[in-house]
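Notes to accompany the following structure.
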């Protein structure tokens, strides 16, 4: 099943590749969530060790994970199973077998419903940087650049308001919308990776004014 997911995610919905990470178990999923910016989880009910519903309850009990979108897929087709999953906190429930076109449509629908910045508007361009929020695609000088989801959200904020000073807390609340210890370090690290992804020329356009915030020039 994971090989099937991998192949379909590479192609993605509407021909657009989806940046994705695979986890074969709950401990591996925890490591991915800790090290990567993840917006949506496609989760199977039957997992080795901890089952999917228990993992959903764990995620929903963590304030730092409250903004995650979770789609559960399973071979269980009883209405009671769907009710259990929804009560645990999943955002959507799909019974196998299913069409990947439908899965991608559900992903887009959830993203719009939850007002994700990267899914609402048409492309934005500024000084050689082009962001297509709906597709999560970035080009710099016409060349494609791969960015993590939180980096895309921050770039979206910067491109919409060039020249504006963004206080660190404002950026955190817009991109993460949760309380977390050490959030300042996470924000600084994410902006560093964003600048690195844009390249030295365009990355240097994101400037830090110590004690005040960040400006995209």
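Residue numbers (the working numbering): -8 to 208.
In this text, a Cβ means the ideal position worked out from N, Cα and C, and glycines have one as well.
Model, not experiment: these values are computed from the prediction.
Bridge pairing for residue 35: 64 [DSSP].
Contact annotation: the stretch 152 to 170 does not touch the stretch 122 to 135, with fewer than three C-beta pairs closer than 8 Å.
DSSP places residue 83 in the uninterrupted beta strand (DSSP E) bounded by 83 to 86.
For a cut-off of 8 Å, the C-beta gap from residue 136 to residue 144 is around 15 Å, too long to register as a contact. If only uninterrupted beta strand (DSSP E) runs of at least 3 residues are considered, those enclosed by the stretch 140 to 204 are 197 to 200. Going by C-alpha positions, residue 23 is about 15 Å away from residue 177.
Within the same chain, Cβ atoms closer than 6 Å to the Cβ of residue 51 are found at 80, the five residues on either side in sequence being excluded. Residue 47 carries a helical assignment under DSSP once its states are collapsed to helix, strand and coil. Per DSSP, the continuous alpha helix (DSSP H) segment holding residue 21 begins and ends at 17 to 26.
With a cutoff of 8 Å on beta-carbon distance, residue 185 and residue 142 are scored as near each other. For residue 77, there is no enclosing beta strand (DSSP E); the residue is part of the alpha helix (DSSP H) that begins and ends at 70 to 79.
For the pair residue -7 and residue 27, the CB atoms are not nearer than the 8 Å cut-off. Annotation for residue -1: 91 place their beta carbon closer than 6 Å to its own, counting only its chain and skipping 5 residues before and after. Between residue 148 and residue 207, the alpha-carbon positions lie close to 9 Å from each other. In the three-state reduction of the DSSP assignment, residue 129 falls in the strand class, which pools E and B. With contact defined as three or more Cβ pairs closer than 8 Å, the stretch 63 to 77 and the stretch 39 to 55 are in contact. Of the candidates 55, 89, 54, 89 places its Cα closest to the Cα of residue 63. Assignment of beta-bridge partners to residue 208 by DSSP yields no partner. Between residue 38 and residue 203, the alpha-carbon positions lie close to 46 Å from each other.
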